């Protein structure tokens, strides 16, 4: 039975590859500057050290080339223990003085990670009133972006609250709050009418990382909700490596964005479509008929490109 399951997953991945386009090359082109493009960066706030500054410089150059419309973060905006207030010096050393290229002075839509929860998460929400580019209305939220005739809905979740609210509830993370976020997600997805739907969460749903693996709380509570609706991409972070994974249903593409600073060793399993270890970031490019993701390494090379078609 185990080998039959492996065979079925292989056939599914083969079918998905035939229907969609995968390009794996260090010479793959960046998306054109007239397309609907935005950048995702994760696990990056390290005071400029551990490759953060180098990735930021490359990201600025690439964002300029592709005319990135905005930036989304996958959380761990401030590694170790988050920030304590809107005047915390880490705002300068991890963000303002690092991402200085004019191309990065666009709107940033952050998610929260586990390290952010080590500090004052309300300070990250409140910084939206201080910064012209930091746009975080709540710990989880949704927004719609459009260009020309294409519309993209982003659902940005607080997965730390889900993981601990369901897995280890207490005074800080309650089951009631976790259920409220899941029910909110259901209501948002039920009403969506956009061309593409992307969910951003710090914790991956699926992962090949040997010590982290799949996030069971997301599989139990979020996964069924996503599969009820027309979710196209789920982009997680947390593992500090690039990953693209497919489960047996093949309905949703699951990605793990790498770190914008220090990375871990690469890992693969039977769900892995692609995996690589390099500091970097991702690009999303959308048209009415296609949704693409590009994995970009610390040298500015596109090491993986995947296209999902309608």
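In this note's numbering, the protein residues as written are 771 to 1080.
Ideal placement from N, C-alpha and C gives every residue a C-beta, glycine not left out.
Just so we're clear, the structure is a prediction, and the values are computed from it rather than from any experiment.
Which residue's Cα is closest to the Cα of residue i: the options?
{"i": "residue 1032", "options": "821, 806, 803, 804", "result": "821"}
{"i": "residue 1034", "options": "1040, 1025, 1047, 1026", "result": "1047"}
{"i": "residue 887", "options": "851, 895, 859", "result": "851"}
{"i": "residue 987", "options": "966, 1005, 858, 952", "result": "952"}
{"i": "residue 801", "options": "902, 890, 838", "result": "838"}
{"i": "residue 998", "options": "1022, 1017, 1008", "result": "1022"}
{"i": "residue 841", "options": "853, 863, 855, 869", "result": "869"}
{"i": "residue 905", "options": "879, 1002, 920, 924", "result": "879"}
{"i": "residue 1045", "options": "1075, 1019, 921", "result": "1075"}
{"i": "residue 1050", "options": "1041, 1067, 1039, 920", "result": "1067"}
{"i": "residue 996", "options": "1041, 1061, 925", "result": "925"}
{"i": "residue 898", "options": "950, 855, 1037", "result": "855"}
{"i": "residue 1041", "options": "903, 964, 1019", "result": "1019"}
{"i": "residue 963", "options": "993, 916, 940", "result": "916"}
{"i": "residue 867", "options": "993, 824, 909", "result": "824"}
{"i": "residue 1061", "options": "834, 941, 1077", "result": "1077"}
{"i": "residue 864", "options": "938, 909, 818", "result": "818"}
{"i": "residue 984", "options": "942, 939, 1038", "result": "1038"}
{"i": "residue 959", "options": "920, 939, 994", "result": "994"}
Would you list the residues sitting across from residue i in a DSSP beta bridge?
{"i": "residue 914", "result": "923"}
{"i": "residue 968", "result": "924, 1003"}
{"i": "residue 879", "result": "842"}
{"i": "residue 998", "result": "Paired residues: none, contrary to the question."}
{"i": "residue 954", "result": "In the DSSP output, where bridge partners are listed per residue, residue 954 has none listed."}
{"i": "residue 904", "result": "878"}
{"i": "residue 1079", "result": "1060"}
My understanding is that residue i touches residue j, with C-beta atoms under 8 Å, so please give their C-beta distance in whole angstroms.
{"i": "residue 1064", "j": "residue 1072", "result": "5 Å"}
{"i": "residue 881", "j": "residue 927", "result": "7 Å"}
{"i": "residue 947", "j": "residue 893", "result": "That belief does not hold up - the Cβ atoms of residue 947 and residue 893 are roughly 19 Å apart, past 8 Å."}
{"i": "residue 1002", "j": "residue 966", "result": "5 Å"}
{"i": "residue 922", "j": "residue 970", "result": "12 Å between Cβ atoms; not a contact."}
{"i": "residue 1079", "j": "residue 790", "result": "6 Å"}
{"i": "residue 883", "j": "residue 972", "result": "4 Å"}
{"i": "residue 805", "j": "residue 957", "result": "That belief does not hold up - the Cβ atoms of residue 805 and residue 957 are roughly 31 Å apart, past 8 Å."}
{"i": "residue 1009", "j": "residue 974", "result": "6 Å"}
{"i": "residue 968", "j": "residue 836", "result": "No, residue 968 and residue 836 are not in contact; Cβ-Cβ is about 17 Å, not under 8 Å."}
{"i": "residue 991", "j": "residue 936", "result": "6 Å"}
Under 8 Å from any heavy atom of the ligand NAD, does the C-beta of residue i make it?
{"i": "residue 873", "result": "With respect to the ligand NAD, the structure shown offers nothing to examine, as it has no ligands at all."}
Query raised in the report: In chain order, which continuous runs of the beta strand (DSSP E) of length 3 or greater are located wholly inside the stretch 1011-1076?
Result: You should have 1012-1015, 1023-1026, 1042-1046, 1050-1056, 1060-1067.
Report task. Evaluate contact between the stretch 1021-1032 and the stretch 926-934, counting only Cβ atoms and requiring at least three cross-stretch pairs below 8 Å. Result -> For the pair of segments examined, the stretch 1021-1032 was found not to touch the stretch 926-934: the number of CB pairs separated by less than 8 Å stays below three.
Query raised in the report: Can we say the stretch 869-889 touches the stretch 827-834, given the rule of at least three CB pairs closer than 8 Å?
Result: Touching, per the Cβ criterion.
Requested in this report: Could you tell me whether the stretch 839-855 touches the stretch 804-824, where touching means 3 or more Cβ pairs closer than 8 Å?
Outcome: Yes, they touch.
Report task. Say whether the stretch 1006-1013 touches the stretch 978-993, bearing in mind that this needs 3 or more beta-carbon pairs closer than 8 Å, one atom from each stretch. Result -> Taking 8 Å as the limit for Cβ pairs, the verdict is that the stretch 978-993 does touch the stretch 1006-1013.
Report task. Give, in chain order, every unbroken run of the beta strand (DSSP E) that is at least 3 residues long and sits entirely within the stretch 793-834. Result -> The beta strand (DSSP E) runs of length 3 or more contained entirely in the stretch 793-834 are, from start to end of the chain, 806-811.
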